[in-house]
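Below is one structure; the comments refer to it alone.
Numbering (my numbering), first residue to last: 553 to 851.
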């Protein structure tokens with residue numbers, strides 16, 4: 553009995569010591585970051601120069617996560633700067649701290665707190681994000697089904713328990729979106745406007761120099777997610793070899809939104825048809841069921 557009491561007395565101080573060490577380490581890291589920010593403040597001219605230099609790089613400007621397009625209903629869409637732009641802008645600005653902490657977890661969900669802090673102005677934008685431990689799938693084979701529902705196409709989909717890999721993808725996507733939203737609140741608006749203009753200019757210049765290259769790239773990219781070349785023709789309204797640079801860039805932006813989980817091809821076509829019907833045009837003929845089947849095979 554005395555030996556057990558002695559062991560318990562030894563465990564508690566060790567746990568307290570470990571906690572104290574971690575707390576002291578975290579405090580030292582925070583103080584060091586703020587100290588460095590005070591001694592090495594950012595130079596806004598250098599920030600602008602470095603950021604615009606990145607925007608002139610075709611590989612950066614062409615990235616579908618640098619600039620996106622997302623249908624929002626009513627035949628309209630929203631465009632904007634994506635997570636890749638925010639990551640580069642944060643690096644160019646320096647003295648910006650991004651943090652992610654899990655603050656709650658149970659069998660059904662995770663809650664993470666994402667914050668972006670400007671160490672020079674001591675301005676922090678936090679956001680709590682909830683991530684459910686489920687995903688939707690067209691097939692329930694070999695999966696633990698939680699519920700089922702009909703999607704917008706009238707097809708039955710199953711809500712199943714997510715695997716570790718699926719949770720990793722959901723978690724990373726949700727955290728990236730939160731960092732993007734908070735980061736855009738810290739990056740000055742005039743820098744965002746100038747960078748966005750240069751990104752679009754760089755994209756257009758690349759397409760004009762070699763339209764055939766970009767056309768093949770976009771066709772191959774869509775084919776990898778089950779969308780065929782004819783479906784792209786139905787969306788654009790003309791043969792792909794007659795597409796203008798702006799139309800090719802639009803297709804690339806749509807692909808980026810689909811790839812990042814912002815929308816689906818079915819939603820894109822539904823919005824396109826709705827817009828054309830509202831304008832008094834005949835909706836383009838396209839076999840949505842064939843596309844659905846192809847995408848089901850991909851999933």
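Ideal Cβ positions, reconstructed from N, Cα and C, are used throughout, including at glycine.
Asked: Pull up the CB-CB distance for residue 594 and residue 647, whole angstroms please, since I reckon it's below 8 Å.; Found: 6 Å
Asked: Does the distance from the CB of residue 727 to the CB of residue 668 come in under 8 Å?; Found: no
Asked: With a 10 Å radius around its C-beta and 16 neighbouring C-beta atoms as the bar for buried, classify residue 664 as buried or exposed.; Found: buried
Asked: Can you tell me whether residue 834 is buried or exposed, with buried defined as 16 or more other CB within 10 angstroms of its CB?; Found: For residue 834, the pLDDT reaches just 49, beneath the cut-off of 50, and the residue's location in the model is therefore unreliable, leaving the point undetermined.
Asked: Alpha carbon to alpha carbon, what distance is there between residue 659 and residue 851?; Found: Here the model assigns residue 851 a pLDDT of 49, short of 50, so the residue's position is not dependable and the matter cannot be decided.
Asked: What's the C-alpha gap between residue 703 and residue 709?; Found: 7 Å
Asked: So for residue 851, helix, strand or coil by DSSP?; Found: Because residue 851 carries a pLDDT of 49, less than 50, the predicted location of this residue cannot be relied on, and the following value inherits that uncertainty. Residue 851 falls in the coil class under three-state DSSP.
Asked: Counting only runs that start and end within the region 567-608, where is the alpha helix (DSSP H) found for 4 or more residues in a row?; Found: 596-607
Asked: Just to confirm before moving on: does the CB-CB distance between residue 751 and residue 620 stay below 8 Å?; Found: no
Asked: Please identify the residue among 568, 682, 676, 712 whose C-alpha is closest to the C-alpha of residue 725.; Found: 682
Asked: Over the uninterrupted alpha helix (DSSP H) stretch that includes residue 735, give me the two end residues.; Found: 716-738
Asked: Judging by CA-CA distance, which residue of 693, 721, 829 is the nearest neighbour of residue 711?; Found: 693
Asked: Cβ atoms of residue 739 and residue 675: under 8 Å apart, would you say?; Found: no
Asked: Can you tell me which residues form a DSSP beta bridge with residue 681?; Found: 664
Asked: Taking DSSP's pairing of strands, which residues face residue 710 in a bridge?; Found: 689, 700
Asked: In chain order, what residues of the same chain lie with their CB nearer than 7 Å to the CB of residue 824, ignoring the 5 residues before and after it?; Found: 787
Asked: So residue 633 and residue 744 are in contact, right, with Cβ under 8 Å, and what is the actual spacing, rounded?; Found: 6 Å
Asked: Taking the beta carbon of residue 580 as the centre, do at least 16 other beta carbons fall within 10 Å, making it buried, or is it exposed?; Found: exposed
Asked: If distances are taken between C-alpha atoms only, which option among 755, 747, 766, 810 comes closest to residue 778?; Found: 810
Asked: Would you call the CB atoms of residue 795 and residue 767 closer than 8 Å?; Found: yes
Asked: Tell me whether the beta-carbon of residue 686 lies closer than 8 Å to the beta-carbon of residue 641.; Found: no
Asked: Where residue 793 and residue 716 are concerned, what is the direct C-alpha to C-alpha distance, given to the nearest angstrom?; Found: 42 Å
Asked: What first and last residue would you give for the alpha helix (DSSP H) that runs through residue 649?; Found: Careful: residue 649 lies outside any alpha helix (DSSP H), inside the beta strand (DSSP E) at 648-657.
Asked: Threshold first: 3 residues or longer. Then list the beta strand (DSSP E) segments lying entirely within the region 783-817, N to C.; Found: none
Asked: Between 622, 649, 574, 607, which has its C-alpha nearest residue 883's C-alpha?; Found: Coverage of the chain is limited to positions 553 through 851, which leaves residue 883 absent and any answer about it impossible.
Asked: Determine the direct distance from the alpha carbon of residue 781 to that of residue 775, and round the result to whole angstroms.; Found: 7 Å
Asked: Compare the C-alpha of residue 736 against each of 749, 677, 605 and name the closest.; Found: 677
Asked: Suppose you measure from the CA of residue 655 to the CA of residue 820; what does that come to, to the nearest Å?; Found: 36 Å
Asked: Are the beta-carbon atoms of residue 804 and residue 770 separated by less than 8 Å?; Found: yes
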